[in-house]
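Going from the sequence shown to the working numbering is simple: count from 1 and add 9. The beta carbon of each residue, even a glycine, is placed where N, CA and C say it ideally should be. The structure appears below as structure tokens.
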Amino acid sequence: MADKKTNDGAKQRVALVTGASSGVGAAVAARLAKDGYALALGARRKERLESVAESIKTDTGISSFVCELDLRSPASISGFAEKVFTEFGHVDVLVNCAGLALGRETADQADVEDWMNMIETDYSGPIRLIRELLPKFKERGAGHIVNIGALAALSPHPGSAVYASAKEAMRMFLKCLREDILGSGVRVTNIDPGIVRTDFALVRFRGDEKSVEKMLEGLRPLEPEDVADCVWFAVSRPAHVNIDQISALPTDQTSPTRVHRAT
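Here it is in structure tokens:
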């Protein structure tokens, strides 16, 4: 399909956002829609995706292309990428917001299937999707890959051996990718948030709302919109500016395990 155009004949900017059914992904989609981006939204929960798309349409008038995406499935990833390019003809920005942490058990007690789910969602799936888009980006001499990482990747702490490792592996992949594509015009940004108020912790704690409340007690966390603003800042810089890395923490957090709580 030929690249879609805006009403004034300019090429329409397209943002592909994974993990867009809730939390940071939904906030990123909404923020980029306000800046005029057409949206390709992917996540496992298609009904939630459609709800996000409807809300964005109401607020901004921007219609979204929504498609179920399971980053644990190579076939789902390649099929999703093909559908997006069929719909739009090109992608300007890929924002990988999909992420998963399961459990707090130490390595000797953890479920290996949980490990595999985290590795596939947090590392192998995202790099497969990048590989699908990268030749198109290089061919155009433009494109921007934005990854939502985690503060957890910056230092070791108990109960996070595989989640933190997957996020750290993603950070190194992006650094090496920057070296591989130097001179191509393609930009790469990694954003590491601290504690964010989303369902992420509820999933990690397996629905234990009391544990989530305890984690947030006395602390003002980041909101998804705060992270979305970081994404917007990175992608809105001029083409000659690459924001390599952003770390965005609550004012009262300095590390994965150190926070100040109001009493």
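Whole angstroms are fine: how far does the CA of residue j sit from the CA of residue i?
i: Leu163; j: Thr266; result: 11 Å
i: Leu211; j: Gly168; result: 15 Å
i: Met127; j: Gly108; result: 8 Å
i: Lys223; j: Pro233; result: 19 Å
i: Arg22; j: Asn251; result: 18 Å
i: His153; j: Leu78; result: 20 Å
i: Asn16; j: Phe74; result: Bear in mind that the predicted position of Asn16 carries a pLDDT of just 45, short of 50, making it too unreliable to give a figure here.
i: Cys239; j: Ile200; result: 8 Å
i: Thr67; j: Ala47; result: 14 Å
i: Asp253; j: Val37; result: 18 Å
i: Val268; j: Gln262; result: 4 Å
i: Cys185; j: Leu191; result: 10 Å
Nearest by alpha-carbon distance to residue i: which of the options is it?
i: Val155; options: Ala271, Gly45, Arg22 and Ala243; result: Ala243
i: Val171; options: Leu25, Asp238 and Asp131; result: Asp131
i: Met179; options: Val93, Leu191, Val197 and Ile190; result: Val197
i: Thr69; options: Val61, Val75 and Arg53; result: Val61
i: Cys76; options: Ser82, Lys92 and Glu63; result: Lys92
i: Arg55; options: Ser133, Gly28 and Leu41; result: Position check: residue 55 holds Lys in this sequence, whereas Arg was assumed. The shortest Cα separation from Lys55 among Ser133, Gly28 and Leu41 belongs to Gly28.
i: Ser193; options: Ile139, Ser87 and Pro144; result: Pro144
i: Phe182; options: Ile136, Glu59, Ala248 and His249; result: Ile136
Could you please give the first and the last residue of the uninterrupted alpha helix (DSSP H) stretch that includes residue i?
i: Val121; result: Val121 to Ile128
i: Glu141; result: Gly134 to Arg149
i: Arg180; result: Ala170 to Asp189
i: Ile86; result: Pro83 to Phe97
i: Val250; result: Per DSSP, Val250 belongs to no alpha helix (DSSP H) and is neither H nor E.
i: Leu41; result: Gly32 to Lys43
Can you have a look at residue i and say buried or exposed, based on whether 16 or more other CB atoms are within 10 angstroms of its CB?
i: Leu142; result: buried
i: Asp101; result: buried
i: Ser85; result: buried
i: Val26; result: buried
i: Ser31; result: buried
i: Cys106; result: buried
i: Ala271; result: exposed
On the DSSP letters alone, give me the boundaries of the beta strand (DSSP E) that residue i sits inside.
i: Arg196; result: Val195 to Pro202
i: Leu58; result: Here Leu58 belongs to no beta strand (DSSP E); instead the alpha helix (DSSP H) covers Lys55 to Thr69.
When DSSP builds the beta bridges, which residues end up paired with residue i?
i: Gly216; result: Per DSSP, none; premise fails for Gly216.
i: Ala49; result: Leu25 and Phe74
i: Ser264; result: Arg267
i: His153; result: Val102 and Arg196
i: Val205; result: Leu231
i: Ser256; result: Asp201
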